[in-house]
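Number of protein chains: 2
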Amino acid sequence: MKEGPDIAQIGALIGDPARANMLAALTGGRALTATELAGVGGITVQTASTHLAKLEAGGLLTQRKQGRHRYFTLADEAVARLIESMMGFAAGRGHLRHQPGPKEPALRKARICYDHLAGDYGVRMLDSLIASGSIDAVGDGLALTEKGEGDLKCIGINVGDLRSSRRPLCRSCLDWSERRAHLAGSLGKALLSSFLDKGWARRTAESRSILFSPEGDRQFLKLFPVDP
Amino acid sequence: MKEGPDIAQIGALIGDPARANMLAALTGGRALTATELAGVGGITVQTASTHLAKLEAGGLLTQRKQGRHRYFTLADEAVARLIESMMGFAAGRGHLRHQPGPKEPALRKARICYDHLAGDYGVRMLDSLIASGSIDAVGDGLALTEKGEGDLKCIGINVGDLRSSRRPLCRSCLDWSERRAHLAGSLGKALLSSFLDKGWARRTAESRSILFSPEGDRQFLKLFPVDP
DNA sequence: TTCATAGTTCGATCGTAACCGAAGCATCGC
DNA sequence: GCGATGCTTCGGTTACGATCGAACTATGAA
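Chains A and B, in that order, are what the protein sequence lines are.
Offset between the first sequence (1-based) and the working numbering: plus 58.
Offset between the second sequence (1-based) and the working numbering: plus 58.
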């Protein structure tokens, strides 16, 4: 009754389908304009505007105006984690939006989760890093090993730079499609960035899925093998 | 729009103040009757009944009828984690139910979080276990060491028994009042149970707070010291 | 059997919030 | 300056859901 923080407010914010859709879309990590968000929410811009104002007042979103556009993003990583964790929970209970099935196979294979790689490929990458001794997994926590730091340098990722940020280097994030952990944190972000930079993969316009090129696919599978 | 699980449903379930209050109360871990839950929700039994039916249909609650009572509990630990994580999130944004202040000091000192100890004492216990080398912390994951297993046996906790359950032994759980981790999982549960069994502490009737006796307080602080 | 307690179902009321059309600002391109 | 585009604010409609009184079912006690 009177004890503790107020869950109901944020629950209600997420509880509206239009808002939930917008938040889910923003989990894709890229900033979206009010009009785009109205599209994903299936509502008019006027309605979207009031929704966005509420979400911002609730601290879930921030906006950045740029010219005559307003770009909305999730307020911070904590929001992204909350949304993803709710997705995981919902998926586990069968609260799927439109029934099961290998829906959107591209999305299950590889997609972006705020700023890092998720889906089948995300899970595979973490599994492989653990198997090769680059990352230590204890319970549900992750830590980079010295070997891992060396290996990463070989593929052009300087871990020292990443450590300077306040953000944790490794963090595990639960995947709603695979129901297994994948790598988040600044290292997860750096790895995905490097794949994009190398041209191995690219983001798609309207979806959260990540498309690997044939060559990128080959390189990725070679770099992150899984033993049979 | 069409991709992924449906967050809005569970958001809406949690989004109603009466339901949120009931869920928060059930985070206390003990089963409550419909009438009791109506009390904490501040509504009549009829209304509570429909709310409870919705929560059950949504997979958040289960009920067990016993005589003419119906006891409701959270469906499983995942629900408890979801609620606690939302509380942590809400607390971080200042979404407090009734303004700040050292509200309910007893609750901040020690309270139950589903089935384990949270609050100041919960955080202290985990800190101490890590400092003494009983638990390894890697990232945000926890693992019991051999030394820890021995130490626990000395205070009457047989870790072997706990391992048999499918539930993870150690798990870290984020505290909304302290904003730091405390120990959950079957070990967290076992530790709290042992404190209650020993008579060091007892649960209170209507609140989630845990009251330590003077003697229990002394023993607890001696058992889990923190270096200055 | 009858009465009391616990809970659900029904029906009706009421408030709130989602929604859109239209109008109002702001910014850009010209 | 002008019109076009992106977004917000206003006003009014509508629909859904939370709420409770009252009636109904189930269990237990006497």
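Each residue gets a CB set at the ideal place from its N, CA and C atoms; glycine is no exception.
Item                                                                                                                        : Value
Burial state of ASP185 of chain B, where buried means 16 or more other Cβ atoms lie within 10 Å                             : buried
Within chain B, partners of ALA149 of chain A - CB distance below 7 Å                                                       : PRO63
In DSSP terms, what ASP194 of chain B is bridged to                                                                         : B:ALA201
Short Cβ contact (8 Å threshold) for ALA176 of chain B with ASP233 of chain B                                               : yes
Touch test, the stretch 94–106 of chain A against the stretch 121–128 of chain A, Cβ-Cβ under 8 Å, three pairs minimum      : no
Extent of the continuous beta strand (DSSP E) run through ILE268 of chain B                                                 : 268–270
Contact test: ALA89 of chain A Cβ vs the ligand PLP heavy atom, cutoff 7 Å                                                  : Looking at this structure, you won't find the ligand PLP or any other ligand, since it has none at all.
Rounded C-alpha distance that separates ASP219 of chain A from ARG225 of chain A                                            : 12 Å
Of the residues B:LEU250, B:ALA115 and B:ALA82, the one placed nearest ALA66 of chain A, counting alpha carbons only        : B:ALA82
Runs of beta strand (DSSP E) lying entirely within the stretch 196–254 of chain A, each at least 3 residues, in chain order : 199–202, 229–232 and 239–242
Selection from B:ALA92, B:THR93 and B:ALA242 that minimises the alpha carbon distance to HIS174 of chain B                  : B:ALA242
Residue range of the alpha helix (DSSP H) that includes ILE188 of chain B                                                   : 178–189
Residue-chain proximity (VAL297 of chain A, chain B), Cβ-Cβ < 8 Å                                                           : Because chain A is modelled from 59 through 286, residue 297 of chain A falls outside the range shown and cannot be assessed.
Contacting residues, own chain, Cβ-Cβ under 8 Å from ARG182 of chain B (five flanking each side not counted)                : PHE282 and VAL284
Endpoints, alpha helix (DSSP H) assigned at PHE282 of chain A                                                               : Here PHE282 of chain A belongs to no alpha helix (DSSP H), and DSSP marks it neither H nor E.
Partners in chain A for ILE68 of chain B, counting only beta-carbon separations shorter than 7 Å                            : MET144, PHE147, ALA148 and HIS153
Proximal residues to GLY87 of chain A (C-beta, below 7 Å), its chain only, five neighbours per side dropped                 : ILE170, TYR172 and ASP173
Neighbour flag for PRO226 of chain A against chain B, beta carbons, 8 Å                                                     : yes
Contact set for GLY180 of chain B: own chain, Cβ-Cβ below 6 Å, skip 5 residues either direction                             : HIS240
Buried/exposed call for SER267 of chain B, threshold 16 Cβ in 10 Å                                                          : buried
Residues that DSSP places opposite THR131 of chain A in a beta bridge                                                       : A:THR120
Residue environment, GLY69 of chain A, which counts as buried when at least 16 other CB atoms sit within 10 Å               : buried
Member of A:SER244, A:LYS211 and A:GLU207 whose CA lies at the smallest distance from the CA of SER222 of chain A           : A:SER244
Minimum Cβ-Cβ distance from ALA287 of chain B to chain A less than 8 Å                                                      : The requested residue 287 of chain B does not occur in the structure, where chain B is confined to residues 59 to 286.
Local Cβ density within 10 Å of LYS211 of chain A, reported as buried at 16 or more and exposed below that                  : exposed
Interface flag, PRO160 of chain B vs chain A, CB-CB below 8 Å                                                               : Note that PRO160 of chain B scores 36 on pLDDT, short of 50, meaning its location in the model is unreliable; the coordinates nonetheless yield the value given after this. It does not: the Cβ of PRO160 of chain B has no partner Cβ on chain A nearer than 8 Å.
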